[in-house]
Amino acid sequence: MIFKVGRTNLACTIFVPFDCKNNCSFCTSKELYSKFDKNLDKILEDIKTLNKSDFFNEYVLTGGEPISDFEGLKKIIETCEKRVFINTTLPLQENLSEIIEYINTENKIAGINISRHIGHKFNNVADKDIIDTIKKPIRMN
């Protein structure tokens, strides 16, 4: 790990163990992601160890697609003892309203980063009307 003296906004990025079916053309982690240990129990144990660290003050959950396994995502967030940000394309899926309700009410979730890169076509992702129902801070990538 490398730390800048005086920085107080360091984050620990966790690649969630859920495969992503989006195949975004801008994705820089798909090949790397395939090499990661995708054992959820191991990741939860690692988070418990990371919770003890004073080197960072927030988690960033990224993909794969973090919301593709909602129950697994909830386990990860429940294990995190620091605030959480979620990187997602916010794909349309059957339980999306339930996921958004969880995002809106789970106190550990501090914000959502939604990928919408200029020049890249996204299919089956939430539109503005759905995104507007999220009450947490949103950053559009």
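Residue numbers (the numbering used here): -18 to 122.
Beta carbons: idealized from backbone N, C-alpha and C, even for Gly.
Given a length threshold of 4 residues, each whole run of the alpha helix (DSSP H) inside the stretch 61 to 120 is given here in chain order: 77 to 86, 109 to 112. The closest CA to that of Val106, considering only Phe36, Thr(-6), Ser49, is found on Ser49.
Non-local beta-carbon contacts of Cys61 in its own chain, meaning distances under 8 Å to residues more than five positions away in sequence, involve Ile28, Asn32, Tyr40, Lys89 in chain order. Annotation for Leu42: the continuous beta strand (DSSP E) segment containing it runs 39 to 43. The criterion of a C-beta distance shorter than 8 Å is not satisfied by Glu26 and Ile58. The criterion of a C-beta distance shorter than 8 Å is not satisfied by Gly92 and Ile112. Here Phe51 carries a helix assignment [DSSP, helix/strand/coil].
For Thr30, the enclosing alpha helix (DSSP H) covers residues 21 to 31.
If you compare the alpha carbons of Lys56, Phe66, Asn85, Pro47 with that of Leu73, the shortest gap goes to Pro47. A direct Cα-to-Cα measurement between Glu52 and Leu21 gives close to 11 Å. Taken atom to atom, the span from the alpha-carbon of Glu75 to that of Ile81 is near 12 Å.
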